[in-house]
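Residue numbering for the sequence shown follows numbering that gives the first Met the number 0, beginning at 0 and increasing consecutively. Glycine included, each C-beta is placed from N, C-alpha and C at the ideal position. Step one of this worksheet: look at the structure below.
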Amino acid sequence: MPEGSESLDENVVHDHDQFDDLLESAIKTYQQSYRLNVTGILDSDTINQMMKPRCGVPDHVVNGHKSLHNVAHYQFIPGTPRWSKSHLTYTFSSSVRVPATLQMKSVFQSAFERWAKVTQFSFEEVDPAASNADIVIGFHRLNHGDGEPFDGIKGVLAHSLPPSVGKCHFDADEIWSSNPAGVNELDLESVAVHEIGHLLGLGHDPTKPEAIMYPTFSYGRIKRDLNSDDIQELFLNFVFDDLLESAIKTYQYSYGLNVTGILDSDTVNQMMKPRCGVPDFVINSGTKPRHGHDDKSPFHSVAHYQFIPGTPRWSKATLTYTFNSTAQVPTSLNIKSVFQSAFQKWAGVTRFSFKEVPKNSPADIVIGFHRLDHGDGPNELDLESVAMHELGHILGLGHEPTKPEAIMFPTFGYGRIKRDLNIDDIQDSQPHLEDDVQPSNNPSNSSVVEPNLDTSRLRSPVWRHYKRQKINNGQIKAICNYCKSHLNGDPSDGTHHLQNHLNRCQKSKLVQTDLKQYSLVKSKGDSRKDAVASYAFDQNVAKKKLARMIIMHEYPLSMVEHEAFREFSTALQPAFKSVSRNTIKKEILQIYDVEKMKTISILAANNCIIALTTDLWTASSQRKGYMAVTAHFIDESWCLQSRILRFIYVPCPHTAKTICEALHDCVMDWNLDRRLSVLTVDNCSTNDKVIEFMLEKLNKNDLLLNGQLYHMRCCAHILNSIVKDGLVVIGDGIERIRDSVAYWVATPKRKERFVEAARQLNIEYKQMLVLDCKTRWNSTYIMLTVASKYKTVFSRLSACDRQYKSVPQEKDWELASQLEDNLRKFYEVTEMFSGTNYPTTNLFFLEVCEIRLSLSDWLTSESEVIRKMAENMIQKHEHYWGVLHGVMDVATILDPRYKLKLIGFYFDSLFGKPDSEFHIRRAFKLCHDLVDEYTLKFKVNEGSSTYGESASSSSSSRLAKSICRSKKQAERLSSFDAYVNETNPIFRSELDAYLDEKILPNTIDFDILTWWKANGSKYPILARVARDVLAISVSTVASESAFSTGGGSSSNTPNKACFHEDSDGDGEEDRS
């Protein structure tokens, strides 16, 4: 053995042992951090935890948490990096194309707002061209240049770099969603809120799975909110740790409380007491004592009294006062005598005298009552006590928080009288209230105050925060009132440097921050979880919120000029300036313009065609017609979207040409004339003409199959028409039930009697009786369904109430039961057609066929009424749905659970074997023709992509390579293509390959959009067809909902009522 080899082997063994120890220690630390069983080995629980999708920011866990810098379990990034400013800008910069850019931005805006509500930070998006954004958010794949490559689907989802690097990266391979529905989708906002925590300096909290900063995530789960515990910990221990803790300690010291730096119960109780509205002007404890005060005092004071910054003085000894109130004052208060008494008490101990002058005359002091609550109970305040306190402020005194018995103590007690200045008060206030205050004789002060320095040139407001002094060498200095810093005080040097210092001076910020402006935000149910939050009123924000309220709830614009509304808004926020209806109209139009530009950007960013629905509504009060136009599409994230494009006045008469002109103007205004797939309208004859006129104005080459599929009749209207034809047969068959319901819902007293009768019969009264509208069959169905449950109640009440005579007979209930059973399917399908969560088009074929088969079953019913209903309804069904719209056929074929199999199954039942073949071939040919059309538009061999790849870049790279080929080489390659076709004569299209695949299990929770998103690379052309066809709405309910005042709104719609410059009059529609 060579010399030295033995020792080498020993080192190797030693290294292995050390590695094993280190690995076991690391595993134990990991298990301890995530509250797992601490074994030191990779057991199944540990491996499962490690395999969960997670954030890419390290946990910074070392040796059992000993190196963690944490506050209440929250870890902070090593070194505790902080932002040096509170207003942070952010932008977006991705290395891959990001789907649904505008929607993504709104998600991040919401995430930033959640942090802004609980921290001192504010966030603002800036243009991507700006190179100085604090935070840069991007979507990237695999190795993207920051040394932390992503790993594809699952695993690491995102990672962020701490302040002040501010980089936030998301794995573009993940399936991100703003509203996850599938098991493989991630909620973008939940992960964004987590990553923003890292951007602000927070690390992970592996001890609480419910915490925002928990390292791992679950697919399909939404976790966006910071709960009250998180907010309290973050606010008190992280964001405002230095400033707020110092302010709280100062506040506690000022009021003689236990100095802890946290909002304990005693501190909160003190802050919640009724108090004077003048700030305390609290300064850090660095201020030197004056007039013999001890060194521990944090105040600039004279025997505990604080003075308003700059120590303002009255230049005269006789002060005039008057009264001017905006609220009515109870005559029992005898205001003038009360204030006269208060003024006399101050006049007795100061050089001042006070004289009342008439109202509206010039006066030094104006006293007013504004929204005073003065009752007979524990909430009663003594007027003279508060008046004495406020007069002290008028004379220049600040608060005295160290003596609860002093007149200038900041808080008050309800029902308590404290009117007299005691001996200590008089002695403490005398130095300030006399004519002159002698300068300090402190020998350490080398400066000499020159009271006769010329102040006529000191016009800038910044001089209020400085004192001018001439030091021994004759140089003039400006001394900061807060930190006592000496700056150049010559007016000829300007004030820019003084303002800069004031912006940096931390002590000035404490002085100018009134502690009462920090308010306790009440949590629901548990007062122990109250959190502290700051508030700053913004008139512009308030106006925008008011405009948004009017839009959402469809209030009339005139409400802002109502006297009661102005009184209400003033009571909520006195600083709010009332606005006129014209001002709020401008705000609403600005909101419309912003939302319109957002929607235009969304439509422009999505490479797909658009389906439209439209409906016309006439306002009964004004006899004016309004049209709503709604766009439907599937965005690049494969999320179904709908947007109201226009809500516009249509002049009378409402002829086909007039409607067509309005609709065409909307299409052109939004630049959609070359991107339309289908127009869905109701089934009136006027709309048939509208379709004809629209096809004349549009280029048919831009439409699907030259416009063959352009006209879609509203399925909800058709179904309503079918059932109404059937109910004609019933006549007065259910009239007694209708009369009975009308009788018992007529008055509140009768309703109470009905409920009491149900209780006596032990019948649970869950659903209230509801009277139907004869023109709406679904309301009749609901009436019969509810009334049938209380059949015995009606019978019992007939024996108790002599006036109740329209008692239903047994045959009435039998007919009601039959109608309920047979119409249930129609009601469920109507609900699906009329729902606000619009389903994809593939679901309707099955339901329409089921309705037709149900009607065939009715023909064999024992009830003659049901058979007659079926005959009428089948006739109307054949009129509209004898041949289904081709869009339904294509959408069904594109459902991997159904394909042609479901079409064949139902067509065999509806048409029989011989005829069904014809209908099946027709559906297949329609789908085949559509795929061929898309193949010509989007050639796969030219590199077009639906999923974020840039077609222009890929095709340009191929073009660059082809430039290098010679002409002969190109000819040979062309011959090669012909050779391939000859040797492979059987060409299998995407459609053939798709149909040959085995159909998927027919599960209810199947998400067709997620399936096509995952299989888009396999069937690129079919995916384009599916994306456009599945977005088509078969109902106009999306547009009808814009007219509804019942609160229903279309999904993802910016607002229901949009104002447009083409609208008639003021653009306002009052609704009762």
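Hey, how far is the Cα of residue i from the Cα of residue j?
| i | j | result |
| --- | --- | --- |
| Thr88 | Ala535 | 20 Å |
| Cys638 | Ser176 | 8 Å |
| Asn183 | Cys714 | 33 Å |
| Lys810 | Gln817 | 11 Å |
| Lys483 | Leu501 | 12 Å |
| Lys623 | Thr617 | 5 Å |
| Leu382 | Ile195 | 50 Å |
| Met551 | Ala627 | 16 Å |
| Phe169 | Cys54 | 10 Å |
| Val677 | Asn698 | 14 Å |
| Thr249 | Cys504 | 17 Å |
| Ser568 | Ala316 | 40 Å |
| Arg866 | Glu819 | 15 Å |
| Lys788 | Trp743 | 15 Å |
| Ser43 | Leu35 | 11 Å |
| Phe322 | Asn333 | 12 Å |
| Asn178 | Gln498 | 48 Å |
| Tyr993 | Gly903 | 17 Å |
| Val578 | Glu553 | 18 Å |
Please return the same chain residues whose Cβ sits closer than 8 Å to the Cβ of residue i, not counting the five positions on each side in sequence.
| i | result |
| --- | --- |
| Cys275 | Val385, His388, Glu389, His392, His398, Pro409, Thr410, Phe411 |
| Asp724 | Asn871, Met872, Gln874, Lys875 |
| Lys900 | Ile998 |
Leaving aside the five residues before and after residue i along the sequence, list all residues of the same chain whose C-beta is less than 6 Å from its C-beta, in chain order.
| i | result |
| --- | --- |
| Tyr933 | Ile1020, Arg1023, Val1024 |
| Leu958 | For Leu958, the pLDDT reaches just 37, beneath the cut-off of 50, and the residue's location in the model is therefore unreliable, although a value from the coordinates is still provided. Hits under 6 Å: none found. |
| Asp372 | Only weak support exists for where Asp372 lies, its pLDDT of 44 falling under 50; the value from the coordinates is given anyway. Closer than 6 Å at the Cβ level, and outside the excluded window around Asp372, lies no residue. |
| Lys824 | Ser853 |
| Asn940 | For Asn940, the pLDDT reaches just 40, beneath the cut-off of 50, and the residue's location in the model is therefore unreliable, leaving the point undetermined. |
| Leu101 | For Leu101, the predicted structure reports a pLDDT of 48, less than 50, and the residue's modelled location is therefore unreliable. The matter cannot be settled from this model. |
With residue i as the anchor, note down where its beta strand (DSSP E) starts and where it stops.
| i | result |
| --- | --- |
| Trp175 | 174-176 |
| Tyr254 | Per DSSP, Tyr254 belongs to no beta strand (DSSP E) and is neither H nor E. |
| Gln640 | 639-649 |
Suppose contacts are defined by Cβ-Cβ distances below 8 Å. Is residue i in contact with residue j by that definition?
| i | j | result |
| --- | --- | --- |
| Ile721 | Leu814 | no |
| Thr215 | Thr613 | no |
| Ser739 | Phe793 | yes |
| Lys584 | Gln538 | no |
| Ser1032 | Ala610 | yes |
| Val465 | Asn480 | Here residue 465 turns out to be Tyr, not Val, going by the sequence shown. Yes, the pair counts as a contact, with Cβ atoms nearer than the cut-off. |
| His193 | Ile211 | yes |
| Leu225 | Ile247 | no |
| Pro895 | Leu783 | no |
| Cys659 | Ile647 | no |
| Phe107 | Leu199 | no |
| His139 | Ser93 | yes |
| Val1028 | Val889 | yes |
| Leu615 | His561 | no |
Below 7 Å CB to CB, which residues in the same chain sit around residue i once its five sequence neighbours on both sides are set aside?
| i | result |
| --- | --- |
| His918 | Phe906, Phe910 |
| Ala1030 | Ala610, His631, Phe632, Ile633, Leu639 |
| Asp489 | Ile475 |
| Leu318 | Phe351, Phe353, Asp363, Ile364 |
| Leu883 | Phe844, Val847 |
| Glu849 | Lys824 |
Start and end of the alpha helix (DSSP H) containing residue i?
| i | result |
| --- | --- |
| Ile590 | 580-604 |
| Glu123 | No alpha helix (DSSP H) contains Glu123, which is instead part of the beta strand (DSSP E) from 121-124. |
| Leu697 | First-last for Leu697: undefined, no H or E at that position. |
| Thr349 | Element bounds for Thr349: n/a, residue is neither H nor E. |
| Cys659 | 655-668 |
| His168 | It is not in any alpha helix (DSSP H) - His168 instead sits in the beta strand (DSSP E) that spans 166-170. |
| Arg921 | 898-936 |
| Asn1001 | Per DSSP, Asn1001 belongs to no alpha helix (DSSP H) and is neither H nor E. |
Within 7 Å: the Cβ of residue i and any heavy atom of the ligand COA?
| i | result |
| --- | --- |
| Glu23 | Looking for the ligand COA in the displayed structure turns up nothing, as the structure carries no ligands at all. |
For residue i, would you say it is in contact with chain D, using Cβ-to-Cβ distances shorter than 8 Å as the test?
| i | result |
| --- | --- |
| Ser816 | Going by chain labels, chain D is absent from the structure shown, which holds only one protein chain. |
Self-check item: Cβ contact check for the region 1000-1008 and the region 795-802: 3 or more pairs under 8 Å
Solution: no
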